[in-house]
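Q: Those sequence lines, one after another, are chains P and Y. Oh and the first sequence: position 164 is 495 in the working numbering, straight run, nothing missing. Oh and the second sequence: position 129 is 1416 in the working numbering, straight run, nothing missing. Cβ atoms here follow ideal geometry from the backbone N, Cα and C, with glycine treated the same way.
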Amino acid sequence: MSCSLTMKNISAVRNGVTLYTGITLNLSHKEKIAIIGPNGCGKTTLLEMIAGLSLPQSGLLELFHRPMRSLDDFKTVRTMIGYLFQDSDNQFLAPIVEDDVAFSLLAQGIPKEEAALKTAMMLQDLGIAHLAKKVVYHLSGGEKKLVALAGVLIAEPKLMLLDEPTNGLDNAMQQKLVSILRKIDKSIIIVSHHREFLESIVDTIYTMTPKGLRGTFNASNPQKYYIWRTYDGHETTL
Amino acid sequence: MDQTSHPPITPCVALLLALVYGCTIALQTHMYLSMSLILFFLAWLKRRFLLIIFKRLVMLNTLIVFIALTLYWQHQEHLAGLMLLRSNLMLLCILLLFHGCNEFTIAIAMQRLALPHKITTLFFFTSKSIFLIRHELELFKNTLRIRGFTPKTDLLSYKTLAGFIGTLVIKALERSVALQKAMLLRGFQGEIYTLSRRQSLSSNDAIATLLTLISLFWHQGYLL
Chain P
332 MSCSLTMKNI SAVRNGVTLY TGITLNLSHK EKIAIIGPNG CGKTTLLEMI AGLSLPQSGL
392 LELFHRPMRS LDDFKTVRTM IGYLFQDSDN QFLAPIVEDD VAFSLLAQGI PKEEAALKTA
452 MMLQDLGIAH LAKKVVYHLS GGEKKLVALA GVLIAEPKLM LLDEPTNGLD NAMQQKLVSI
512 LRKIDKSIII VSHHREFLES IVDTIYTMTP KGLRGTFNAS NPQKYYIWRT YDGHETTL
Chain Y
1288 MDQTSHPPIT PCVALLLALV YGCTIALQTH MYLSMSLILF FLAWLKRRFL LIIFKRLVML
1348 NTLIVFIALT LYWQHQEHLA GLMLLRSNLM LLCILLLFHG CNEFTIAIAM QRLALPHKIT
1408 TLFFFTSKSI FLIRHELELF KNTLRIRGFT PKTDLLSYKT LAGFIGTLVI KALERSVALQ
1468 KAMLLRGFQG EIYTLSRRQS LSSNDAIATL LTLISLFWHQ GYLL
């Protein structure tokens, strides 16, 4: 199975404080994982490193078998990565829903007619076709999240990074998001505090603690696998 | 607001009319009553909101009147009157044309008029930032209300307001960083795109265009 992402002994520093050292993570093709942990432990920083918004302090980061040593290296894989922001307002680059969803396609030079067709289909798939002509900033929190997700999905990324996708969503909207994410056949990393939500989507949940220890938890069979990994990459089955 | 909901004057036409009317009026050396012809038509279209529009005009006049008075005291009565009339005609026209349009509608209109990408993009991102800052302002006001804050002329009030301004600046900076990240991640290349086709024009657009041209080129009823 090909590997979408490899991280070896990654360390990160924020505002002069070391968040973690020795993070090791392998993400297989179409594997879905989640990262949980207390506030401020560096979950979003980790996602930003994978997305090429910042570089790790040390360690090896490989995306689609290509080592990422500088921010320029990410240019070649940029279109293969989709990132869903914690705050959807930050994600929008066009005022109208359909224009924002189509943004990535149009930026890649895809003809308007084709982009319009794909956008309409994407909005239909997510059940938000009725929002196509609305101004993005006038939508509810849940609607904004779905529009932002549509904008990510339409670019057909191979790896999706979702930062707190359930933030501010009610139960019905969360269920809708679960059913959408379950159907997506891509590599996904989700950062969230919402364990119940994660267990219904991902294969593995990693725990990130301020001390840097992280465990893996097989959501489909919690009794069978419960593995803790240490900084040096050792795995211990509990 | 639904982007497709029709204001009385199509935003693209409103932008063009504001530009033509504003620029022509600004260059006039004599004022005529006929120049206000288009304003009567627009006022009729926006008759339900006239009070709000006039209140805004009065507020905007604070600075203009001050400048006009300064000119008057310098014995430049004609210039003072001309400035007062010209600026009020332009302001009233813009207020009447764009009342009820939000900043995003104007950004879309600019996009449809195929204005340079840099101007449209800059306008859109500025309006987006203003919208988000306004949202923060509302949140802060609500927080103050909920926590029982009553502004007074004391140190606590000043500190609270200063803290709020500082917070707004920090949040605006954070938003700009987040925007830069979104641009990087979504392949932004200095342009925002639109899928929508051009809007069809209404009879109001045609009447407004005609009346604007008459207002600007048919000079009757000398005022100044």
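1) Could you compute how far the alpha carbon of Y:C1299 sits from the alpha carbon of P:L392?
2) Is P:N502 helix, strand or coil by DSSP?
3) Taking only beta-carbon positions, decide if P:D420 is within less than 8 angstroms of chain Y.
4) Leaving out five residues before and five after Y:K1458 in sequence, what residues of the same chain have Cβ atoms less than 6 angstroms from its Cβ?
5) Using CA atoms only, rank isn't needed, just tell me which of Y:H1362, Y:R1373 and Y:Y1480 is closest to P:E444.
6) Against P:I427, what residues of chain Y qualify as contacts under a CB-to-CB distance less than 9 angstroms, listed in chain order?
7) Assuming P:A486 and P:T410 make a contact with CB atoms under 8 angstroms, what is their CB distance in whole Å?
8) Report the rounded CA-to-CA distance for Y:S1487 versus Y:R1399, giving the unit in angstroms.
9) Give me the chain Y residues within the contact set of P:K443, using Cβ-Cβ distance strictly less than 7 angstroms, ordered along the chain.
10) Could you check if Y:F1353 is buried or exposed, using at least 16 other CB atoms within 10 Å of its CB as the buried criterion?
11) What residues in the stretch 1446 to 1475 of chain Y bring their beta carbon closer than 8 angstroms to a beta carbon of chain P?
12) Would you mind working out which of Y:V1345, Y:A1355, Y:R1373 and Y:L1455 sits nearest Y:A1313, comparing C-alpha positions?
13) Using a Cβ-Cβ cut-off of 8 angstroms, state whether Y:F1410 counts as contacting chain P.
14) For Y:N1348 and Y:N1375, I'd like the C-alpha separation in whole angstroms.
15) Check distances from the C-beta atoms of the stretch 1418 to 1434 of chain Y to those of chain P and list, in chain order, the residues that come in under 8 angstroms.
16) With 16 other CB atoms within 10 Å as the buried threshold, where does P:G482 fall?
17) Tell me, to the nearest whole angstrom, how far the beta carbon of Y:C1380 is from that of Y:A1305; I am working on the premise that it is less than 8 angstroms.
18) Consider the Cβ of P:S435: report whether some Cβ of chain Y lies at a distance smaller than 8 angstroms.
19) Output the boundary residues of the beta strand (DSSP E) element that contains P:V483.
20) State the beta-bridge partners of P:V348 as determined by DSSP.
21) At which residues does the beta strand (DSSP E) containing Y:G1368 begin and terminate?
A: Working from what's here:
1) For the purposes of this step, residue 1299 of chain Y is taken as residue 12 along the second sequence, with counting starting at 1. For the purposes of this step, residue 392 of chain P is taken as residue 61 along the first sequence, with counting starting at 1. Using only the alpha carbons, I get a separation of about 49 angstroms.
2) Within the first sequence, numbered from 1, the residue matching residue 502 of chain P stands at position 171. In this structure, DSSP gives P:N502 a helical state, which the three-state scheme calls helix.
3) Residue mapping note: residue 420 of chain P aligns to position 89 of the first sequence, counting from 1. Answer yes: the Cβ-Cβ gap between P:D420 and chain Y drops below 8 angstroms somewhere.
4) By one-based count along the second sequence, residue 1458 of chain Y stands at place 171. Closer than 6 angstroms at Cβ, skipping near neighbours: E1423.
5) Looking up residue 444 of chain P in the first sequence gives position 113. When each option's Cα is compared against that of P:E444, the closest is Y:Y1480.
6) Your numbering for residue 427 of chain P matches position 96 in the first sequence. Here the neighbours are Q1290, F1391, I1395, T1481, L1482 and S1483.
7) Residue mapping note: residue 486 of chain P aligns to position 155 of the first sequence, counting from 1. Residue mapping note: residue 410 of chain P aligns to position 79 of the first sequence, counting from 1. Yes, they are in contact, since the Cβ atoms of P:A486 and P:T410 sit about 6 angstroms apart, within 8 angstroms.
8) Taking the second sequence and counting its residues from 1, the one referred to as residue 1487 of chain Y is at position 200. Taking the second sequence and counting its residues from 1, the one referred to as residue 1399 of chain Y is at position 112. A straight-line Cα-Cα distance of about 12 angstroms links Y:S1487 and Y:R1399.
9) In the first sequence, residue 443 of chain P corresponds to position 112, counting from 1. Under the 7 angstroms cutoff, chain Y gives L1482.
10) Taking the first residue of the second sequence as position 1, residue 1353 of chain Y is located at position 66. Y:F1353 should be labelled exposed.
11) Residues of the stretch 1446 to 1475 of chain Y that bring their beta carbon within less than 8 angstroms of a beta carbon in chain P comprise R1462, A1465, L1466, K1468, A1469, M1470, L1471, L1472, R1473, G1474 and F1475, in sequence order.
12) In the second sequence, counting from the first residue as 1, residue 1313 of chain Y sits at position 26. Comparing Cα-Cα distances from Y:A1313 to each of Y:V1345, Y:A1355, Y:R1373 and Y:L1455, the minimum goes to Y:R1373.
13) What you label residue 1410 of chain Y is simply residue 123 of the second sequence in a count that begins at 1. Output row for Y:F1410: interface = no.
14) As a working note, residue 1348 of chain Y is residue 61 in the second sequence. As a working note, residue 1375 of chain Y is residue 88 in the second sequence. Answer to the nearest angstrom: the Cα atoms are 8 angstroms apart.
15) For the stretch 1418 to 1434 of chain Y, which is checked against every Cβ of chain P, the residues closer than 8 angstroms are F1418 and L1419.
16) As a first step, residue 482 of chain P is located in the first sequence; it is residue number 151 there, counting from the start. A residue is called buried once 16 or more other Cβ atoms fall within 10 Å of its Cβ, and P:G482 is buried on that count.
17) Reading the second sequence from its first residue, position 93 is the one you call residue 1380 of chain Y. Reading the second sequence from its first residue, position 18 is the one you call residue 1305 of chain Y. About 6 angstroms; that satisfies the 8 angstroms criterion.
18) Taking the first sequence and counting its residues from 1, the one referred to as residue 435 of chain P is at position 104. Chain Y contact via Cβ: present.
19) On the first sequence, residue 483 of chain P is found 152 positions in, with the first residue counted as 1. DSSP places P:V483 in no beta strand (DSSP E) but in the uninterrupted alpha helix (DSSP H) bounded by G472 to L484.
20) Counting from 1 along the first sequence, the entry for residue 348 of chain P is found at position 17. For P:V348, which the question treats as bridged, DSSP gives the partners P:R345.
21) As a first step, residue 1368 of chain Y must be located in the second sequence, where it is residue number 81. No beta strand (DSSP E) contains Y:G1368, which is instead part of the alpha helix (DSSP H) from E1364 to F1385.
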